[in-house]
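Accompanying notes for the structure given below.
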Amino acid sequence: MTLGPLLLLLSALLHAAWNALAKASKDKESFLFLTILLSGLITAASLPISGTGLVFPDNRAFAIAVLSGVFEGFYFLTLSKALRASSLGKSYAIMRGGAMVLVWIYSTVFLGERAHGLQFLGALFVLLGILAMNFQDLLKGKRQSLKNDLWAYISAVFIAGYHLAYHEALTENTDPKPLFMVAMIVSLPFLLYGIRSAPWLRLKATMTSHPVRVVLCGSFATASFLIFLYGLKVSAPGFAISLRNSSIFFAVIFSVFLKESLTRTQILGAATIGLGALLLSL
37 MTLGPLLLLL
47 SALLHAAWNA
57 LAKASKDKES
67 FLFLTILLSG
77 LITAASLPIS
87 GTGLVFPDNR
97 AFAIAVLSGV
107 FEGFYFLTLS
117 KALRASSLGK
127 SYAIMRGGAM
137 VLVWIYSTVF
147 LGERAHGLQF
157 LGALFVLLGI
167 LAMNFQDLLK
177 GKRQSLKNDL
187 WAYISAVFIA
197 GYHLAYHEAL
207 TENTDPKPLF
217 MVAMIVSLPF
227 LLYGIRSAPW
237 LRLKATMTSH
247 PVRVVLCGSF
257 ATASFLIFLY
267 GLKVSAPGFA
277 ISLRNSSIFF
287 AVIFSVFLKE
297 SLTRTQILGA
307 ATIGLGALLL
317 SL
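Numbering (my numbering), first residue to last: 37 to 318.
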């Protein structure tokens, strides 16, 4: 296995881990704000150490970095709502699987990535897996549960958006670190909006109750995103998000540790989405 796929798999593990930490938090909006703030600070501190600097090839690359941050901001807002409304295993599978299909379709139609039979089968598996995640709710007519899952589907759109924007910026020879830092800075006002009610009290309460968890989550998020961007730089976008979404398997494992009550059908659905991701990456 070459360096690109290995980086993407490591990024997948770290991404599922920090999402699990966010899911376990009480105030998810303030927890995510602190996580992303810390992530931006860590990245900023690494710039002079690595000798990179806050440099972009041109104004277009910087504009794409800002656009990435807008997508990230909406993603974080919808992520907090999705994690609050549903289990990690279910919401994560829907978010990542849905985004994967959107990016794969866009990459095939507009970016010239070649698709073959196994990849079409993989896309079908992802869609069937997402359907399986909601099968019992559809069967029993649980409208509230389906309504709660809507946040995960909306989040999938923004995940696809920032993935494609990052890839476009990287094709402009943008260094991943300043790209990620600008995106995190731009996303912070969105997260601040999420804690607009008594923000300082909420941030203080989260820091008091989960200081170690915040530091771990910020570190994992930073490593996950930067490793992903370096992997994306040496991989095609459809392939990259497909392999990165092997994190769905990791999320189901973390879901068990969080003692979430996934049904057999939902576990099968998550496994089907994960299998589809592997087929899409072949």
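Here a beta-carbon is modelled for each residue, glycine too, at the ideal position from N, C-alpha and C. This one's a predicted model, so the numbers in the text were calculated from it and none came from an experiment.
| Check | Outcome |
| --- | --- |
| Spatial distance of S245 from A58 (CA atoms) | 13 angstroms |
| Outcome for C236 when other beta-carbon atoms lying within 10 angstroms are tallied against a minimum of 16 | Correcting the residue identity first, residue 236 is Trp in this sequence and not Cys. The residue is exposed, with fewer than 16 neighbouring Cβ atoms inside 10 Å. |
| Same chain only: Cβ atoms within 8 angstroms of T242, ignoring 5 sequence neighbours per side | S61, K62, D63, S66, F67, L70, V250 |
| Candidates L186, A53, S122, E204: closest to F146 by CA position | E204 |
| Sequence ranges, alpha helix (DSSP H) only - wholly within the segment 215-257, length at least 4 | 235-245 |
| Under 9 angstroms between C-beta atoms of T114 and A53 | no |
| Span of the alpha helix (DSSP H) around R120 | 95-121 |
| Residue closest to G133, alpha-carbon to alpha-carbon, out of L206, A196, S223, S255 | A196 |
| Proximal residues to A192 (C-beta, below 8 angstroms), its chain only, five neighbours per side dropped | I130, M131, R132, G133, G134, A135, L138 |
| Check: G125 C-beta below 8 angstroms from any heavy atom of the ligand ATP | Of ligands this structure carries none, so the ligand ATP is not represented either. |
| Short Cβ contact (9 angstroms threshold) for A99 with P214 | no |
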